[in-house]
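Enquirer:
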Amino acid sequence: MKHLLSLFDITPAQTAEIIELSASLKSEWKQRQLKPTLLGRVLLQIYEKPSLRTRVSFETAIVHLGGAGLFMTEKEAGLHGRESLADVARVTSRFADVVVLRTFSHQLIEDFAAVSSCPVINGLSDDFHPCQALTDLLTLQEATGDLSGKTMVYLGDGNNVAKSLAICCADMGVNFVLSAPDGYQIEPSFFDKIRQRVPGASLVTEPDPIKAVKQADAVYADVWASMGQEAETEKRKKIFAPYQINAKLLAAAPQGVKFMHCLPAKRGLEVTDEIIDGPQSIVFDQAENRMHIARGLFSWLLE
Ligand code: CP
Ligand code: NVA
Numbered sequence: 000m001k002h003l004l005s006l007f008d009i010t011p012a013q014t015a016e017i018i019e020l021s022a023s024l025k026s027e028w029k030q031r032q033l034k035p036t037l038l039g040r041v042l043l044q045i046y047e048k049p050s051l052r053t054r055v056s057f058e059t060a061i062v063h064l065g066g067a068g069l070f071m072t073e074k075e076a077g078l079h080g081r082e083s084l085a086d087v088a089r090v091t092s093r094f095a096d097v098v099v100l101r102t103f104s105h106q107l108i109e110d111f112a113a114v115s116s117c118p119v120i121n122g123l124s125d126d127f128h129p130c131q132a133l134t135d136l137l138t139l140q141e142a143t144g145d146l147s148g149k150t151m152v153y154l155g156d157g158n159n160v161a162k163s164l165a166i167c168c169a170d171m172g173v174n175f176v177l178s179a180p181d182g183y184q185i186e187p188s189f190f191d192k193i194r195q196r197v198p199g200a201s202l203v204t205e206p207d208p209i210k211a212v213k214q215a216d217a218v219y220a221d222v223w224a225s226m227g228q229e230a231e232t233e234k235r236k237k238i239f240a241p242y243q244i245n246a247k248l249l250a251a252a253p254q255g256v257k258f259m260h261c262l263p264a265k266r267g268l269e270v271t272d273e274i275i276d277g278p279q280s281i282v283f284d285q286a287e288n289r290m291h292i293a294r295g296l297f298s299w300l301l302e
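See below:
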């Protein structure tokens with residue numbers, strides 16, 4: 000049974016395979032070719048957190064492939080106490096062909112997948128956001144032509160998005176630089192785990208944002224307070240202020256640098272309007288590509 004709970008579940012070669020398959024399905028889609036390769040297949044999504052891109056991209060993708068999507072909140076599905084989580088997983092996976100979960104606890108997704116009889120995809124947990132990272136590398140590839148030796152600089156919190164991005168960059172031969180304040184960095188042991196799967200992976204921490212962006216082909220931002228951390232918003236605004244991506248910071252980056260963001264963005268915090276709306280921004284290509292990666296992923300898992 001193939002699952003995608005984090006990119007550690009697949010090999011670097013499989014990361015590249017999913018991105019390539021998604022790119023090829025995207026070019027067919029652009030020529031208005033949709034093949035119903037998953038006719039009658041059912042996607043079930045169960046979410047504990049809000050979502051625009053993830054929910055809609057997965058639902059659109061399954062429809063493009065000839066299947067149908069169902070959505071439930073965790074309350075409706077009864078993930079917490081109506082019956083055991085394992086029983087919810089056993090029952091839902093008898094109906095659905097693939098389940099996407101969005102949760103706080105990553106362990107919940109692991110526990111669900113352990114007894115699921117169909118593939119499970121992580122649509123974001125507190126620890127990982129693998130589908131976002133696959134999307135980001137597809138988008139960088141489209142924007143720069145060739146990924147090899149490119150440099151992705153992530154500024155801000157070393158969170159679920161940053162960690163998945165670090166793995167995906169390593170898999171695709173992209174240098175990853177994290178620029179984060181003390182206390183918000185990715186643990187060295189996490190980078191070591193990536194180096195075990197991709198020996199020689201370039202994973203660097205540079206707390207000075209000006210130094211960090213000097214060699215960037217792309218600079219990447221996410222919110223400073225993730226879903227579930229809202230109470231820390233004011234505290235984080237002060238800590239992360241030097242990491243705002245604005246015109247002054249980007250003046251230290253090479254000409255032609257791209258701006259990326261998984262969205263939703265808090266405009267005026269991690270990024271200014273002039274950058275997210277400016278010519279360097281590829282954030283809406285990223286958003287669209289969530290759908291293409293979803294199609295590639297469903298095809299890869301289910302066909
Ligand atoms: N990027 C992303 O996962 O967006 P949503 O939270 O809207 O799904
Ligand atoms: N780090 C953010 C990503 C949102 C897509 C969060 O977890 O809320």
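Take the sequence shown: its letter number 144 is residue 143 in numbering that gives the first Met the number 0, and every next letter is one higher. Note that beta-carbon positions come from the ideal geometry of N, C-alpha and C, so glycine has one too.
Taking 7 angstroms as the cut-off, is the C-beta of Leu-100 nearer than that to any heavy atom in the ligand CP?
Expert: For the ligand CP, not one heavy atom lies less than 7 angstroms from the Cβ of Leu-100.
Enquirer: Taking Asp-221 and Lys-257 to be in contact with their CB atoms under 8 angstroms, please state how far apart those CB atoms are, rounded to whole angstroms.
Expert: Asp-221 to Lys-257, Cβ: 15 angstroms. No contact.
Enquirer: Beta carbon of Leu-6, beta carbon of Pro-118: below 8 angstroms?
Expert: no
Enquirer: Could you work out which residue in Leu-146, Pro-49 and Ser-23 is closest to Cys-167 when comparing CA atoms only?
Expert: Leu-146
Enquirer: When every heavy atom of the ligand CP is checked, does at least one fall within less than 7 angstroms of the C-beta of Leu-6?
Expert: no
Enquirer: Regarding Asp-126 and the ligand GDP, is the C-beta to nearest heavy atom distance less than 7 angstroms?
Expert: Summarising the ligand content, the structure contains the ligand CP and the ligand NVA and does not contain the ligand GDP.
Enquirer: Compare the Cα-Cα distances from Ser-56 to each of Ile-244, Thr-134, Lys-247 and Arg-235 and report the closest residue.
Expert: For Ser-56, the closest alpha carbon among the candidates Ile-244, Thr-134, Lys-247 and Arg-235 is that of Thr-134.
Enquirer: Using 8 angstroms as the Cβ pair cut-off and three pairs as the minimum, do the stretch 287-299 and the stretch 73-85 touch?
Expert: no
Enquirer: Quick one: which unbroken alpha helix (DSSP H) runs of 4-plus residues sit fully inside the stretch 38-76? Chain order, please.
Expert: 52-63 and 73-76
Enquirer: Check each residue's C-beta against every heavy atom of the ligand CP and list, in chain order, those closer than 7 angstroms.
Expert: Pro-49, Ser-50, Leu-51, Arg-52, Thr-53, Arg-54, Leu-123, His-128, Gln-131, Cys-261, Leu-262, Pro-263 and Arg-289
Enquirer: To the nearest angstrom, how far is it from the Cα of Val-160 to the Cα of Glu-233?
Expert: C-alpha of Val-160 to C-alpha of Glu-233: approximately 21 angstroms in a straight line.
Enquirer: Whole angstroms are fine: how far does the CA of Leu-154 sit from the CA of Ile-275?
Expert: 14 angstroms
Enquirer: Under a three-way DSSP split, which group does His-128 fall into?
Expert: coil
Enquirer: Buried or exposed: Lys-1, going by 16 or more other Cβ atoms within 10 Å of its Cβ?
Expert: exposed
Enquirer: Leaving out the 5 sequence neighbours to the left and right, which residues in its chain are closer than 7 angstroms to Arg-41 when beta-carbon positions are compared?
Expert: According to the sequence displayed, residue 41 carries Val and not Arg. Only Gly-66, Ala-67, Leu-69, Phe-94, Ala-95 and Asp-96 meet the Cβ criterion.
Enquirer: Three or more C-beta pairs closer than 8 angstroms, one from the stretch 222-232 and one from the stretch 193-203: is that the case here?
Expert: no
Enquirer: When burial is assigned at 16 or more other CB atoms within 10 Å of the CB, is Ser-124 buried or exposed?
Expert: buried
Enquirer: Give a single yes or no on whether Val-270 has its beta carbon closer than 7 angstroms to a heavy atom of the ligand NVA.
Expert: Checking the Cβ of Val-270 against the ligand NVA gives no.
Enquirer: Let me make sure I understand the geometry here. Which of Thr-72, Glu-141 and Ile-244 has the alpha-carbon closest to that of Val-152?
Expert: Ile-244
Enquirer: Need the endpoints of the beta strand (DSSP E) that Val-256 sits in, please.
Expert: Run containing Val-256: none; DSSP gives neither H nor E here.
Enquirer: Are the beta-carbon atoms belonging to Leu-268 and Ile-120 less than 8 angstroms from one another?
Expert: no
Enquirer: Please go through the same chain and pick out, in chain order, the residues whose beta-carbon is closer than 8 angstroms to the beta-carbon of Lys-162, but skip the five residues on each side of it.
Expert: Asp-126, Phe-127, Ile-185 and Phe-189
Enquirer: Sorted by chain position, which residues of the same chain lie with C-beta nearer than 8 angstroms to Arg-89's C-beta, five sequence neighbours on each side aside?
Expert: Closer than 8 angstroms at the Cβ level, and outside the excluded window around Arg-89, lie Val-114, Ser-115 and Ser-116.
Enquirer: Kindly list the residues whose CB is nearer than 7 angstroms to the CB of Ile-92, restricted to its own chain and excluding five residues on each side of it in sequence; keep chain order.
Expert: A small fix is needed here, since residue 92 is Ser in this sequence, not Ile. For Ser-92, where only same-chain residues beyond five positions count, the Cβ hits under 7 angstroms are Val-98, Ser-115, Ser-116 and Cys-117.
Enquirer: Do Ala-142 and Ile-281 have their C-beta atoms within less than 8 angstroms of each other?
Expert: yes
Enquirer: Counting only the same chain and skipping the five closest in sequence on each side, list residues whose C-beta sits under 7 angstroms from that of Pro-11.
Expert: Sequence-distant Cβ neighbours of Pro-11 in its own chain, meaning closer than 7 angstroms and more than five residues away, are Asp-170, Arg-196 and Val-197.
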